[in-house]
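>
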Amino acid sequence: MSSAEQHHLTHVDEAGAARMVDVSAKNVTARTARAAGRVLVSPRVVELLRGEGMPKGDALASARIAGIMGAKKTPELIPLCHPLALSGVQLDVSVADDAVELAATVRTTDRTGVEMEALTAVTVAALTVIDMVKAVDKAAVITDVRVVEKTGGASGDWVRPEQPEHTEHAAHREQPEHTEPPVHTEQPQRTDSPPRRETR
Numbered sequence: 001m002s003s004a005e006q007h008h009l010t011h012v013d014e015a016g017a018a019r020m021v022d023v024s025a026k027n028v029t030a031r032t033a034r035a036a037g038r039v040l041v042s043p044r045v046v047e048l049l050r051g052e053g054m055p056k057g058d059a060l061a062s063a064r065i066a067g068i069m070g071a072k073k074t075p076e077l078i079p080l081c082h083p084l085a086l087s088g089v090q091l092d093v094s095v096a097d098d099a100v101e102l103a104a105t106v107r108t109t110d111r112t113g114v115e116m117e118a119l120t121a122v123t124v125a126a127l128t129v130i131d132m133v134k135a136v137d138k139a140a141v142i143t144d145v146r147v148v149e150k151t152g153g154a155s156g157d158w159v160r161p162e163q164p165e166h167t168e169h170a171a172h173r174e175q176p177e178h179t180e181p182p183v184h185t186e187q188p189q190r191t192d193s194p195p196r197r198e199t200r
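With the UniProt record's numbering applied, the sequence shown covers 1 to 200.
Shown next, in the form of structure tokens:
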């Protein structure tokens, strides 16, 4: 496959109109995709998730089931995705010191890949976490949703290069709320000069 063929947009035709790609000529092969994401949460949410649980119920179990359901519903949510027979969907959920970590692995034996299914699984799981914790932490943030790796297909295997962990969101959340720079009040300077005395 040439470089030009690899980089053109396959979901639009020559006139720029959207289309579903015809994959009938492709080989049926085993394909896998893995995606990951995070939901940044407050220390109180972490404490509850590791202890007595959230007031609304089991947030981690709900997120796991929602992610699996989301993967199966991908072609109904993403208009140009092909309906695929998924062989398996695994959704791993864990609690870190500042976030809920999500990772989805999706497998199929078909003519096109399952990257979008893996991304949808992570995103729906993350939205479910937000729904479960919002009563305690309205500032929870979904971040770093990305494909981590894929296997199979004409383009072969791909693994995302290692990158430094994104810390700007966490750093932002650690700032105390309602912090404003001190207001310096200065006395206005007089611009008028005293009246000049006449000399005779």
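All residues carry an ideal CB built from backbone N, CA and C; glycine is no exception.
The structure presented is a predicted model; accordingly, all values stated were derived computationally and were not measured.
Contact between the region 102 to 111 and the region 21 to 33 is defined here as three or more beta-carbon pairs at a separation below 8 Å; is this criterion met?
yes
> Could you give the DSSP three-state label for valine 133: helix, strand or coil?
It is helical.
> Taking the continuous alpha helix (DSSP H) assigned at residue 201, which residues delimit it?
Residue 201 lies beyond the residue range present for the chain, which begins at 1 and ends at 200; the question has no answer from this structure.
> Under a Cβ-count criterion, where at least 16 other Cβ atoms within 10 Å of its own Cβ denotes burial, should valine 41 be classed as buried or exposed?
Valine 41 should be labelled buried.
> Between which two residues does the beta strand (DSSP E) holding arginine 31 run?
Bounds of the beta strand (DSSP E) holding arginine 31 are 29 to 40.
> Ordered along the chain, which non-local residues of its own chain (more than five positions away) have a Cβ less than 8 Å from that of leucine 127?
Ala66 and Ile142
> Based on Cα-Cα distance, which residue from Ala154, Gly153, Val148 and Gly152 lies nearest to glutamate 162?
Answer by Cα proximity: Val148.
> Cα separation between serine 94 and threonine 10?
36 Å
> Could you tell me how far apart the beta carbons of threonine 151 and methionine 116 are, in whole angstroms, since I believe they sit closer than 8 Å?
With a Cβ gap of about 15 Å, threonine 151 and methionine 116 do not count as contacting.
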